[in-house]
Amino acid sequence: MRADLHTHSIFSDGELIPAELVRRAVALGHDAIAITDHVDMTNVEFVVRNVVKAAELTSDEIQVIPGVEITHVPPSKMDKVIAEAKRLGAQIIVVHGETVTEPVAKGTDMAAVRNPDVDVLGHPGFITEEEAQIAKDNDVALEITGRGGHNITNGHVV
544 MRADLHTHSI FSDGELIPAE LVRRAVALGH DAIAITDHVD MTNVEFVVRN
594 VVKAAELTSD EIQVIPGVEI THVPPSKMDK VIAEAKRLGA QIIVVHGETV
644 TEPVAKGTDM AAVRNPDVDV LGHPGFITEE EAQIAKDNDV ALEITGRGGH
694 NITNGHVV
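Residue numbers (my numbering): 544 to 701.
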């Protein structure tokens with residue numbers, strides 16, 4: 544199965560409307576795509592409702608998975624935002640990790656890997672061995688990214 548589980552539309556920092564994002568995934572031969580726009584506590588409802596709608600209406604040729612990327616949420620508040628995203632219909636939860644190029648709060652990686660509803664820790668930066676083991680134990684995937692800047696620590700992650 545060929546899938547991209549970490550994409551962004553115009554609902555955050557992407558450049559494409561969801562339908563075009565999906566259409567391009569079809570053209571690339573993907574079997575599935577997750578739309579995982581950046582959210583925090585202020586926009587989670589707007590984004591999830593719209594990516595759920597996009598998943599329902601955009602294509603019969605590909606599986607479209609509604610999701611979110613939790614970004615710049617304090618670790619102590621993360622569980623609440625994740626629970627709200629799931630309640631609203633997000634089927635995949637990505638957490639924006641402690642990448643070296645974007646200063647999310649210290650402790651974000653640990654909060655993410657400890658939450659059983661997190662599917663992917665995106666660009667986890669200098670993740671510790673303890674965090675990696677917890678991620679493994681909780682079935683949280685660690686992203687290896689091609690995005691410039693975020694990919695600096697891919698060698699550390701693998």
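All C-beta atoms, glycine included, are put in the ideal place defined by N, C-alpha and C.
Looking at the unbroken alpha helix (DSSP H) that takes in T651, where does it start and where does it end? Residue 651 sits at position 108 when you count from the first residue of the sequence shown. 651 to 657 is the extent of the alpha helix (DSSP H) around T651.
Identified DSSP bridge partners for P609: As a working mapping, residue 609 is identified with position 66 in the sequence shown. Bridge partners of P609: I578.
Considering only the alpha carbon of each residue, which of D680, R657, P646, I677 lies closest to H666? Working through the sequence shown from its first residue, we reach residue 666 at position 123. For the residues D680, R657, P646, I677, the minimum Cα distance to H666 belongs to P646.
Short of 7 Å in beta carbon distance, which residues of its chain neighbour G572, apart from the five on each side in sequence? Order them along the chain. Position 29 of the sequence shown holds residue 572. Answer for G572: R545, listed in chain order.
Beta-carbon separation (whole angstroms), E686 vs G668, contact threshold 8 Å: Position 143 of the sequence shown holds residue 686. Position 125 of the sequence shown holds residue 668. About 11 Å separates the two Cβ atoms, so there is no contact after all.
Whole-angstrom Cβ separation of I636 and V656, contact assumed at under 8 Å? Position 93 of the sequence shown, counted from the first residue, corresponds to residue 636. Position 113 of the sequence shown, counted from the first residue, corresponds to residue 656. So it is not a contact: roughly 12 Å between Cβ atoms.
Anticipated Cβ contact below 8 Å, I578 with S552, distance rounded: Your numbering for residue 578 matches position 35 in the sequence shown. Your numbering for residue 552 matches position 9 in the sequence shown. Correct: roughly 6 Å between the Cβ atoms.
Hey, how far is the Cα of T585 from the Cα of P561? By 1-based counting over the sequence shown, the position of residue 585 is 42. By 1-based counting over the sequence shown, the position of residue 561 is 18. Going by the C-alpha atoms only, they are around 20 Å apart.
Backbone CA spacing between A684 and D583 [nearest angstrom]: Position 141 of the sequence shown holds residue 684. Position 40 of the sequence shown holds residue 583. Distance between the alpha carbons of A684 and D583 is about 21 Å.
What does the Cβ neighbour count give for D682, buried or exposed, with the cut at 16 atoms within 10 Å? Reading the sequence shown from its first residue, position 139 is the one you call residue 682. With fewer than 16 Cβ atoms within 10 Å of its Cβ, D682 is classed as exposed.
Does the Cβ-Cβ distance between V569 and E604 come in under 7 Å? Residue 569 sits at position 26 when you count from the first residue of the sequence shown. Residue 604 sits at position 61 when you count from the first residue of the sequence shown. Yes.
For S496, which residues of its own chain have a beta-carbon under 6 Å away from its beta-carbon, when the five flanking residues on both sides are left out? Because residue 496 is not part of the residues shown, which for the chain are 544 to 701, the question remains open.
Measure the beta-carbon distance from V591 to L631 and round it to whole angstroms, keeping in mind my assumption that it falls under 8 Å. The count along the sequence shown starts at 1 and reaches residue 591 at position 48. The count along the sequence shown starts at 1 and reaches residue 631 at position 88. With a Cβ gap of about 4 Å, V591 and L631 count as contacting.
Reference V587, options R567, M621, V607, H549, closest by Cα: Reading the sequence shown from its first residue, position 44 is the one you call residue 587. Of R567, M621, V607, H549, the smallest CA-CA separation from V587 is found for M621.
Nearest by alpha-carbon distance to P618: which of A628, D652, E612 is it? Locating residue 618 in the sequence shown gives position 75, where the first residue counts as 1. Considering only alpha carbons, the answer is D652.
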